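Student: Following this message is one structure expressed as structure tokens.
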Amino acid sequence: MPPRRRGASGFRGVRVRPSGRFTAEIRAGGFRLTLGTYNTPEEAARAYDAAAWRFRRPGHDMNFPDVESLEEAEFLAPPPCLVDDEDRRRHRQVQRRIAIAERDEQLMRQWRARSPDAFFANLRAQRRSNRRHRRAVAAFELENSNTTWTENDPRWDDRRERSGARNFHPGWRLKPGQKTGGGLSRRALSGGMMCR
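Just so we're aligned, residue 6 is where the sequence shown starts under the numbering used here, counting upward by one.
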């Protein structure tokens, strides 16, 4: 049977906390008893049901009426989330970092508003530096890599067979789209190919 949904959280006795977690609470004897904080509304509803069984509430007060005993309700109810010192320390650390980042962004906005020329000059300098670095890396890679084939490279044999050229020298290169033919003169090749 599907759970019975009530209220803004969707379950009886469950409230949504500002942190996004869910608190289970039950009223008994004129008092509101907090049962714990949970990550999901279903977990909080299970905790509420276990407490409702302990207080001998009727079945229509339960979120999950298909539970048949107190033992089953307690078995299905998860333990509450415990917030220990480590969680608090981690939360403070995250909040401190967020505050620093927000302050840094605010100061950058103020600086850009007061001196836009300096901001854009700094941006141009960074771009130039990045461009110089990329060019230096490309030049280094070009110097340290084998960019041409030698005459003894077996890849030339494959190219000669595919092109059908008889007098093909590995140092000559064709223009894109140009076909090779047998018996081309050096003069004909000089207009369409590079000669090494």
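Quick reminder that beta carbons are idealized off the backbone N, C-alpha and C, glycines included.
Because the structure is a prediction, the values reported are computed rather than measured.
Taking the Cβ atom as the reference point for each residue, do Thr28 and Arg20 lie within a distance shorter than 8 Å?
Tutor: In this structure, Arg20 lies closer than 8 Å to Thr28 by Cβ.
Student: How about the segment 53-64 and the segment 75-83: do they share at least three Cβ pairs that are nearer than 8 Å?
Tutor: Yes, the segment 53-64 is in contact with the segment 75-83.
Student: Mapping DSSP to helix, strand and coil, what is Ala29?
Tutor: It is a strand residue.
Student: Drop a sphere of 10 angstroms on the beta-carbon of Thr39, count the other beta-carbons inside from all chains shown, and report buried for 16 or more, exposed for fewer.
Tutor: Burial call: exposed.
Student: Could you spell out where the beta strand (DSSP E) holding Val21 opens and where it closes?
Tutor: Element bounds for Val21: Val19 to Val21.
Student: Considering only the beta carbon of each residue, do Pro83 and Glu110 sit closer than 8 Å?
Tutor: Going by C-beta atoms, Pro83 is not nearer than 8 Å to Glu110.
Student: Could you tell me the alpha carbon to alpha carbon distance between Ala50 and Thr42, rounded to whole angstroms?
Tutor: Their Cα atoms are separated by approximately 11 Å.
Student: Here's a check: name, in chain order, each residue in its chain whose Cβ is nearer than 7 Å to the Cβ of Arg216, leaving out the five neighbours to either side.
Tutor: Because the chain in this structure spans residues 6 to 201, residue 216 falls outside the shown range and cannot be described.
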